[in-house]
Amino acid sequence: MTQIEIYLLAGAAMFCIGLYGLVVRPHLLHKVMGLNVMAVAVFLVLVSVARRVPGPTPDALPHAMVLTGIVVSVAATAYSLALIKRIYTETGAVTLQETDDDA
Amino acid sequence: MLDLIQPQLPAITLAVLLFAASAAFLVRFERARAIALVAAGVQVVLVSWITWIVVGQDRVWVYTIGGWGAPLGIDLTIDGVSAVMMLLTAVVGCVVTVYSAGYFPPKDSYRLFWSLWLFLWAALFALFASNDIFNLYVCLELLTISAVGLVAISGERAALFAGMRYILSALAGSLIYLFGVALVYASTGVLDFDLLATQVSIDPTTQAGLALMVIGLLLKTALFPMHFWLPPAHANAVAPVSAVLSALVVKGSFYIIFKLMHVFTGHEMIPGLAELMGILGVCAIIWGSVQAFTQKRLKMMVAYSTVAQIGYLFLLFPLVAAADDIQTAVLAASAGLFHAVSHGLAKGAMFLTAGTIVKAVGSDRLEDMAGLSRLAPIPAFTFAIAGVSMVGLPPSGGFVSKWLYVSSAIETGAWWWAGAVVVGGLLAALYIFKVIALFMGSGKEPLQVGVSNRVITIAPLVLALMSLVIGVFGQPILDLLYPAVESLTAGMMR
Amino acid sequence: MNSPVLWLDILVVVILILLSIRIFSEASLFKSVVLFIALGLFVSFAWVKLAAPDIALTEAALGAGVTGALLLDTVGHLRSRNVPYSKHRHAEDGTSSNA
Amino acid sequence: MPNNIERPRRAQHIVAVGLLVAVFVLLARAVLYIPMHDTGVASSIQDNLQISGVLNPVTAVLLNFRGYDTLLEIAVLVLAIIGVLSLQREGMLASGRLAPFADPALSLLTRILVPMMILIAGYLLWAGEKAPGGAFQAGSILGAAGVLVTLSGHVRPGWLSPAIVKIIIAVGFVVFLVAAIIPMFFDKNLLEYPLHLAKPLIILIETWLTFSIGMILVTMFISSAAPITDDYVRGDAT
Numbered sequence: 805m806t807q808i809e810i811y812l813l814a815g816a817a818m819f820c821i822g823l824y825g826l827v828v829r830p831h832l833l834h835k836v837m838g839l840n841v842m843a844v845a846v847f848l849v850l851v852s853v854a855r856r857v858p859g860p861t862p863d864a865l866p867h868a869m870v871l872t873g874i875v876v877s878v879a880a881t882a883y884s885l886a887l888i889k890r891i892y893t894e895t896g897a898v899t900l901q902e903t904d905d906d907a
Numbered sequence: 286m287l288d289l290i291q292p293q294l295p296a297i298t299l300a301v302l303l304f305a306a307s308a309a310f311l312v313r314f315e316r317a318r319a320i321a322l323v324a325a326g327v328q329v330v331l332v333s334w335i336t337w338i339v340v341g342q343d344r345v346w347v348y349t350i351g352g353w354g355a356p357l358g359i360d361l362t363i364d365g366v367s368a369v370m371m372l373l374t375a376v377v378g379c380v381v382t383v384y385s386a387g388y389f390p391p392k393d394s395y396r397l398f399w400s401l402w403l404f405l406w407a408a409l410f411a412l413f414a415s416n417d418i419f420n421l422y423v424c425l426e427l428l429t430i431s432a433v434g435l436v437a438i439s440g441e442r443a444a445l446f447a448g449m450r451y452i453l454s455a456l457a458g459s460l461i462y463l464f465g466v467a468l469v470y471a472s473t474g475v476l477d478f479d480l481l482a483t484q485v486s487i488d489p490t491t492q493a494g495l496a497l498m499v500i501g502l503l504l505k506t507a508l509f510p511m512h513f514w515l516p517p518a519h520a521n522a523v524a525p526v527s528a529v530l531s532a533l534v535v536k537g538s539f540y541i542i543f544k545l546m547h548v549f550t551g552h553e554m555i556p557g558l559a560e561l562m563g564i565l566g567v568c569a570i571i572w573g574s575v576q577a578f579t580q581k582r583l584k585m586m587v588a589y590s591t592v593a594q595i596g597y598l599f600l601l602f603p604l605v606a607a608a609d610d611i612q613t614a615v616l617a618a619s620a621g622l623f624h625a626v627s628h629g630l631a632k633g634a635m636f637l638t639a640g641t642i643v644k645a646v647g648s649d650r651l652e653d654m655a656g657l658s659r660l661a662p663i664p665a666f667t668f669a670i671a672g673v674s675m676v677g678l679p680p681s682g683g684f685v686s687k688w689l690y691v692s693s694a695i696e697t698g699a700w701w702w703a704g705a706v707v708v709g710g711l712l713a714a715l716y717i718f719k720v721i722a723l724f725m726g727s728g729k730e731p732l733q734v735g736v737s738n739r740v741i742t743i744a745p746l747v748l749a750l751m752s753l754v755i756g757v758f759g760q761p762i763l764d765l766l767y768p769a770v771e772s773l774t775a776g777m778m779r
Numbered sequence: 002m003n004s005p006v007l008w009l010d011i012l013v014v015v016i017l018i019l020l021s022i023r024i025f026s027e028a029s030l031f032k033s034v035v036l037f038i039a040l041g042l043f044v045s046f047a048w049v050k051l052a053a054p055d056i057a058l059t060e061a062a063l064g065a066g067v068t069g070a071l072l073l074d075t076v077g078h079l080r081s082r083n084v085p086y087s088k089h090r091h092a093e094d095g096t097s098s099n100a
Numbered sequence: 002m003p004n005n006i007e008r009p010r011r012a013q014h015i016v017a018v019g020l021l022v023a024v025f026v027l028l029a030r031a032v033l034y035i036p037m038h039d040t041g042v043a044s045s046i047q048d049n050l051q052i053s054g055v056l057n058p059v060t061a062v063l064l065n066f067r068g069y070d071t072l073l074e075i076a077v078l079v080l081a082i083i084g085v086l087s088l089q090r091e092g093m094l095a096s097g098r099l100a101p102f103a104d105p106a107l108s109l110l111t112r113i114l115v116p117m118m119i120l121i122a123g124y125l126l127w128a129g130e131k132a133p134g135g136a137f138q139a140g141s142i143l144g145a146a147g148v149l150v151t152l153s154g155h156v157r158p159g160w161l162s163p164a165i166v167k168i169i170i171a172v173g174f175v176v177f178l179v180a181a182i183i184p185m186f187f188d189k190n191l192l193e194y195p196l197h198l199a200k201p202l203i204i205l206i207e208t209w210l211t212f213s214i215g216m217i218l219v220t221m222f223i224s225s226a227a228p229i230t231d232d233y234v235r236g237d238a239t
C-alpha cells in the first residue's frame, strides 16, 4: 500500500463517519460537525490525488480546490451555527425532532 | 458601442448582479429595493440579448474567463438550453422582484432580503453559464446559502427549522457532489464539460464519481425520496422566496444532472441510472400528488405539488435512453426542458398568488379561504390559470410538455411512462380542483378580505398568463430550440 | 514498503479515524467540539505529509481555528441560560465556557 | 449537558451503521481504482506560471487561472455573513452580546499579542506571492486579533458604526469584482489581467481581501443572535 492509498482510504472512511454524524446523531451541532468531517474527508481525497505528480511539487489545482472548499465550508458552518443559535434562542430546541408542528 | 459590449455580455450580466447584490447590502430598504428593481430590468434586457444571439444565430457561446481556456482556466458556455434557463430565471426573477417590492413592508428588518435575493439570482446565472464541474460546486454553495438565508429571513419558528433542515440537506448534497468531482478529476484530469466528454472512460472511479455527483444533485433537487426537506422550506418561506425556490432553484441542480448525463453518456456509464431516475420520478409524482391532496394549508399543498412536478422532469432520462432515433430522443428531452420552463412560470405564479391570498385572508389554512373568488377574484383566477398548467390542460405550457412526453413514450414503445404522465395529470386535477372548488364555494363564516395592493395582485397574473402563452406558441419555441436540444441529447442516447 | 515514513502516515490516519469516530460517540457536546478541533490540527499534519503546507496553514487557521472557535462559542451559547444581554453583564462570568 | 437527546434505537442504529459500511466499501473501491499516474494539469500550470503574475503555483491557480472560482468563493463568504446578520434582531450589528472580560492578564496579553498578530498578518500577506500564505491566513489572524481586542475590552463592540463595518465587509469582494472587470475596458475578457498589471492587481485584491476577511470573522463572533427578553431557563441547558 502506498502513502497516497492510505490517505485515500482514510478519506473514504471519514466521509462515512461524517455521514454517520450527520444522519444518525440528532443534535444539530453534531450534524454540523458531521458535515465538516465529510468536507475534510473530501479534501483528503483531493490532496492525495494532487500528490500523484512525480517530484516535490504536487498538482496545484486540487490544492486550490481544497483551499476554496475550506473557505466555503467555514462560511457555510458559520451560517449554520448562527441559525442553530437563533433556533435555540427562539425555541430552546437543539434538534430537529422538536419541529412537528408545521402540518 | 454595442460591438464592444456584445462579446462581454455573459460577464457583464453576472457582474451587474454581483455589484447590485453588494450595493444592496450596504444601503437601507428603499434604496436596496430600487437597486433590485433596476437590476431586474437590466437583467431582462441583457439575458434577452444573450438568448437572441445564442438561439437566433444557433451558436454555442464559449466565453473564456481570464483568457486561459480549459483545462487551465474556466469557460462559460451558453447554448440554447442554458440561454432558455437564463431567460426563465430573468423573467421569473423580474416578476418576483416587482412582487417583492409590493409585498414587503418598507421596514429595515427585510433590508437584507434584497441582497440575498440578488446573490441568489447571480448564483443561478453563474450556474446556468458554467461549464466546469468544480466551478459548479462553488455556484451550488452560493445558491444554497442564499436560498437558506432567504428561507430563514422571516425569523419565524417554522421558517427557522425549515431553513435548518434545508441547509443540512443541501450542504450534504454539495459535499457528496464534491466527492464525485474529486473522483472524476482523479480519473480524467479535467473539470471542463467539453473536455470531459472526450476524456471519460468507463472505470470504477469515474462510475463512482458520476454516481456521487448525481446523488448529491438529486438531494439538492429534491427528487423522491430525497424530497423530505423541500415541503417545509418552500411552504414556510415568505411568498416571493417560495416562488423562487420552486420555480428556479430546484431546476438548477436538475440542469446539472441533465448536462452530466449528456457528457458522461450516463446510462452507459451506470446501467439502469436513467431508468432508476424515471422510476423515482414516477414515485415523486404519485407521492407528491397524494400528499398535496391531503394538505390543509395552501402553501404546503403548493409545495407538495412541486415535489410531484419535479418527478416529471426525471421522466426525460429513461425516455431519451430508450429512444431509437434522434428525433424521438429530442422529443423526450424537449418534453423535460419544456416542463422545466412551464412549471417555472406556473409554479412561480402559484406561489406568488398564494402569498397574496394568505396576506388577504390572514391565514394559510385552506378552510379559511372558502368563497375567495367573489372577494378576491384576481388571485383566485390566477391560481386557476396556474393550476391549468399544473394539471396539463390545453392550451397551457404544462399541456405541451405532457403531450410531448406521451408522444415520445408511445414512439419508443415504453408506453408505461405515458401512463405515469396521465395518472399524474389526473392526480394534479384532484388537488387543484379541490382548491378551486373551495374558492368558488362559500365558507362557514363570511370571509374577511383585507384589500392588498395592486402590485402583488397583478404580478402573479402576468406569470400565469405567460404559462398559457408558451403553451399557445409551443411549436415555434420547440422548433427554435431543436438544434440546441439535439446536440445536448445526442450524448444521452444509446 | 514498510519504511518508517509510511508507518507515520498510518499512525496519522488511524488517529484521524479514531478521532472522527470519537467526535460522534462522545456524550458530552463540549468534548466533541474539542475532539473536532484536535481533528483539525491532526489533519494539518496530514497536509504537511502530503506536501501541502499552504493547506496546512489554512486548515489550522480556518478549519481548526475559526470553525473550532465558532463551535465552542455555540456550545457556550446553547449552555447559557439565555438571559438577556443587559442581565448578562451583571453576572460575573457571562460567556465563559464551563467545561 | 443536553440530555433530551435520546440515543437512536438500537436496531435503527445497526441498520444505519451497516449501510454506512456498505457505502465505505463502495467508496474505498472507487478510490483504490484511481490511476496512480498524473492525469491533471500540473505541467500546464508550471508552463504558465511565468505569465501569471505570482510565483506560487497555488496562488497562481487561485487568483489568476481560476480566479473566477475565488471570486465566487468570496461571494459565498460575504453571503454567509449577510445571512448571519439577517438572523439577528434589529440593530445588533457590531454591538453583540459579547460581554468583555475585565481580566488584567487578558488585557496585558492582548497588548503584547495584537501588534505581533498584525505583523504576522502583514508578513503572511506579503509572503503569499511566493510561499504558502496569503489573504485568508492573514485575514484570519487579523480576525483573531480583532476578536481578542474586543474580548479584552480594549474596544467596545460597537465602536465602529454599522455602516463602516458593512463597508469593510464588502470592500474586498467589491475591489476584486472591479479588478475582474477592468480588463474588459481594454478589449479583454473578465479577469484577463494584462501581463504587467497582473502582479499589482493581485496584490491590491489580496490586501483588501485581508481586511474584509478579518472583519467578516470578527463580525461572525461578536454578532450572535440576540437573546430574547424573557428568561429561558431550560432544564437541559446548564
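Protein chains in written order, with our numbering: chain D, 805 to 907; chain E, 286 to 779; chain C, 2 to 100; chain V, 2 to 239. Ideal Cβ placement from N, Cα and C applies to all residues, glycine included. What you are looking at is a predicted structure, and each value in this text was computed from that prediction instead of being measured.
Any idea which residues DSSP pairs residue i with across the strands?
i: E:L361; result: E:Y348 and E:S415
i: E:R650; result: E:R582
i: E:D477; result: E:D417
i: D:T899; result: D:H831
How about residue i: is its C-beta nearer than 7 Å to some C-beta of chain E?
i: V:V18; result: no
i: D:M842; result: yes
i: V:L56; result: no
i: D:K889; result: no
i: D:V876; result: yes
Is residue j closer than 7 Å to residue i when the C-beta atoms are compared?
i: C:L58; j: V:Q13; result: no
i: E:S454; j: E:L504; result: yes
i: D:R855; j: C:L51; result: yes
i: E:G351; j: E:T550; result: no
i: E:A444; j: E:V436; result: yes
i: V:G140; j: V:T220; result: no
i: E:I335; j: E:A368; result: yes
i: E:D364; j: E:A617; result: no
i: E:F478; j: E:V548; result: yes
i: E:A414; j: E:L373; result: no
In chain C, which residues lie less than 7 Å from residue i when you measure between Cβ atoms?
i: V:V59; result: D55
i: D:R855; result: L51 and A52
With a cut-off of 7 Å, does the C-beta of residue i fall near any C-beta of chain C?
i: D:E809; result: no
i: V:Q89; result: no
i: D:L812; result: no
i: D:G815; result: no
Under 9 Å between beta-carbons, which chain C residues line up against residue i? List them in chain order, please.
i: D:P830; result: Correct list: empty, because the minimum Cβ distance to chain C is about 11 Å.
Quick check: is the beta carbon of residue i nearer than 7 Å to any beta carbon in chain D?
i: V:L125; result: no
i: V:D48; result: no
i: V:V42; result: yes
i: C:I38; result: no
i: V:F174; result: no
What does residue i reach in chain E if we use C-beta pairs closer than 7 Å?
i: D:T861; result: Chain E residues near D:T861: none, gap ~16 Å exceeds 7 Å.
At least one CB of chain V closer than 7 Å to the CB of residue i: is that the case?
i: C:L58; result: yes
message = For a minimum of 4 consecutive residues, which ranges assigned as the alpha helix (DSSP H) are wholly contained in the stretch 119-198 of chain V?
response = 136-152 and 163-182
Start-end ranges of the alpha helix (DSSP H) lying completely within the stretch 554-617 of chain E, minimum 4 residues = 558-579, 583-598 and 601-607
query = Which residues, in order along the stretch 18-33 of chain C, keep a beta-carbon less than 9 Å from a beta-carbon of chain F?
reply = Included in the structure are the protein chains D, E, C and V, with no chain F among them.
request  = Note down, one range per segment and in chain order, each alpha helix (DSSP H) of at least 4 residues found wholly within the stretch 304-340 of chain E.
outcome  = none
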